[in-house]
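Count along the sequence shown from 1, then add 634; that gives the number in the working numbering. Glycine is no exception: its CB is placed at the ideal position from the N, C-alpha and C atoms.
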Amino acid sequence: MKTVYTCFCTDVLHEGHMNIIREARQRGKVIVGALSDKALIRYNKFPTISQEDRVRLYRSIEGVEQVVIQDDAMYDDVITLIRPDYVVHGDNWREGPESAIRQHVADLLAQYGGEVVDIPYTYNEKVKKIDLQLREKLAMPEYRRKRLRQLIEMTPVVKAMEAHSGLTGLIVEKTVVEHEGKLDQFDAMWVSSLCDSTAKGKPDIELVDMTSRFRTIDDIMEVTTKPIIFDGDTGGLTEHFVYTVRSLERMGVSAVIIEDKKGLKKNSLFGTEVQQTQATIEEFSAKIAAGKKAQLTDDFMIIARIESLILEKGMEDALERARAFVKAGADGIMIHSRKKDPAEIVEFCDCFRQENTKTPIVVVPSSFNVITEEELAQHGVNIVIYANQLTRSAFPAMQKTAEDILRYHRAKEVDDRLMPIKQIITLIDEL
Ligand code: SPV
Ligand code: MG
635 MKTVYTCFCT
645 DVLHEGHMNI
655 IREARQRGKV
665 IVGALSDKAL
675 IRYNKFPTIS
685 QEDRVRLYRS
695 IEGVEQVVIQ
705 DDAMYDDVIT
715 LIRPDYVVHG
725 DNWREGPESA
735 IRQHVADLLA
745 QYGGEVVDIP
755 YTYNEKVKKI
765 DLQLREKLAM
775 PEYRRKRLRQ
785 LIEMTPVVKA
795 MEAHSGLTGL
805 IVEKTVVEHE
815 GKLDQFDAMW
825 VSSLCDSTAK
835 GKPDIELVDM
845 TSRFRTIDDI
855 MEVTTKPIIF
865 DGDTGGLTEH
875 FVYTVRSLER
885 MGVSAVIIED
895 KKGLKKNSLF
905 GTEVQQTQAT
915 IEEFSAKIAA
925 GKKAQLTDDF
935 MIIARIESLI
945 LEKGMEDALE
955 RARAFVKAGA
965 DGIMIHSRKK
975 DPAEIVEFCD
985 CFRQENTKTP
995 IVVVPSSFNV
1005 ITEEELAQHG
1015 VNIVIYANQL
1025 TRSAFPAMQK
1035 TAEDILRYHR
1045 AKEVDDRLMP
1055 IKQIITLIDE
1065 L
């Protein structure tokens, strides 16, 4: 009797899955792998039912002999354990980033004469609707909100990318690359005050009001499912901040980061070139405590951003603030620096981790961009935010196109670097 293995990562069974099981049964004894919570979350497939319930669901399918947990999107461990004669999968994995996984499985099986079997993927209205319903469920506030905490718990380092519109949100949501046999993608989105303001042609001085910032969040939320970290600048007046917390939480935002500055806020990357005032420890601790008191769920996070290194107040000041803000209830600490050398960030993280092993650390490596996510994670960093790179890459591209059209009195010269019309009109999925 041959052994047939197939891996499921679904919360709802439909015709397509039944078809795979039917095909698998014709070839031998069927073992189903349930992709673990950890593996699902790593690949942005957040389960809406528990791992145990998924195992129970797959076990209930007629003809399934056994269900095992597959703890990684790559099949290495299960193939070593089970040595299946066949791995059966929908043929949709022949294309796109998942083809790297397929190839890897085929190579592993070939070592002992096993085979990959591709079953034609079931496309019909019912299946499409179930897929859509699952996606919509993930976009609901109660699911999206808690996802950042789940990610921090289950991934070595959470990678967030800036988004300031529906379109940039889609780029963060959908971009997947294959790297060294693994699939990689961003875990979360950062709604940057700098990029949100820049997109509106305004300076980053808390001039764009909250209603407008919420509108940006809404545009992003309508077309994506990944968790959102909101740049709350100084948080404004404490009396206003408590309302902001409630609104963000209700919308399904996962975290707000507020910085310990007061008065007219300027972008941190100006450093000491402009007048910026740091709030006292007492003032900022009170704001954090009020925010924590206002929130209604355990999911939402208020992260305190420390500007001591930006304002050249020294490492000890930064550490003292970190201690105080955690005591005031902060769910995480963001430490910022505008130095090219990551040394002061690394020093802060090492010192903070010596006394606090749990509170998540967030960094924004715009200036200190030589250090990798893996290296930062080794120093205890939990969230890495790429705060402005999409805006900074789009702006020069658009400006050059505008200049060249003015220069040549036609658009032919710029055509090679434009996305084809056919592609842009199909870029956005229709329902
Ligand atoms: C932002 O992206 O708006 C930030 C990060 O606050 S920084 O611009 O580096 O201050
Ligand atoms: Mg900002």
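Per DSSP, which residues does residue i bridge with? Please list them.
i	result
alanine 938	Ile892, Ile967
tyrosine 658	Note on residue identity: the sequence assigns alanine, not tyrosine, to residue 658. DSSP lists no partner for alanine 658.
aspartate 752	His723
aspartate 818	Val811
leucine 669	Gln704
methionine 774	DSSP lists no partner for methionine 774.
methionine 795	Met823, Tyr1020
tyrosine 639	Ile665, Val721
valine 698	Val664
In terms of alpha-carbon separation, which member of the options lies closest to residue i?
i	options	result
lysine 896	Arg693, Asn653, Lys921, Tyr777	Lys921
aspartate 741	Glu787, Gly815, Ala673	Gly815
threonine 914	Thr868, Pro1030, Val811	Thr868
valine 1015	Asp984, Asn1003, Ile1039, Val702	Asp984
asparagine 726	Pro718, Ile892, Ile735, Ala964	Ile735
alanine 668	Gln660, Arg661, Thr644	Thr644
leucine 898	Leu768, Ile839, Arg847	Ile839
aspartate 1049	Thr1060, Met1032, Glu1064	Met1032
leucine 715	Ala1011, Leu1010, Tyr639	Tyr639
arginine 778	Gly948, Met823, Leu1061	Met823
glutamate 941	His813, Ala952, Ala923	Ala952
glutamine 1012	Val791, Pro731, Cys641	Val791
glycine 866	Ile891, Glu776, Val887	Ile891
valine 806	Arg783, Pro861, Phe848, Lys762	Pro861
arginine 972	Ser1000, Phe986, Glu950	Ser1000
asparagine 990	Val960, Gln745, Glu1064	Val960
lysine 760	Ser881, Gly650, Ser684	Gly650
alanine 588	Ala889, Val750, Ile1059	Because residue 588 is not part of the residues shown, which for the chain are 635 to 1065, the question remains open.
valine 810	Gly730, Ile753, Ala889, Val876	Gly730
leucine 772	Thr859, Gln700, Leu743	Thr859
phenylalanine 680	Thr789, Phe982, Ile1055	Thr789
leucine 804	Val857, Ile786, Ser826	Val857
I'd like to confirm something about residue i: is its beta-carbon nearer than 7 Å to some heavy atom of the ligand SPV, or not?
i	result
serine 1027	no
aspartate 838	yes
leucine 903	yes
asparagine 1022	yes
serine 942	no
valine 1004	no
histidine 971	Here residue 971 turns out to be serine, not histidine, going by the sequence shown. Flag unset: Cβ of serine 971 not near the ligand SPV.
valine 890	no
valine 842	no
serine 846	no
serine 684	no
serine 1000	yes
Cβ-heavy atom distance between residue i and the ligand MG below 7 Å?
i	result
leucine 828	yes
aspartate 865	yes
Taking 7 Å as the cut-off, is the beta-carbon of residue i closer than that to any non-hydrogen atom of the ligand SAM?
i	result
serine 733	By its list of ligands, the structure shown excludes the ligand SAM, since it contains just the ligand SPV and the ligand MG.
Examine chain C for any beta-carbon lying closer than 8 Å to the beta-carbon of residue i, and answer yes or no.
i	result
valine 998	Absent here is chain C; the protein component of the structure consists of one chain.
Could you tell me which whole beta strand (DSSP E) segments of length 3 or greater appear in the segment 963-1030?
966-969, 995-997, 1017-1020
In chain order, which alpha helix (DSSP H) runs of at least 4 residues are fully inside the segment 858-922?
Fully enclosed alpha helix (DSSP H) runs of 4 or longer: 872-885.
Taking the runs of the beta strand (DSSP E) that are 3 residues or longer, which of them lie wholly in the segment 821-862?
822-825
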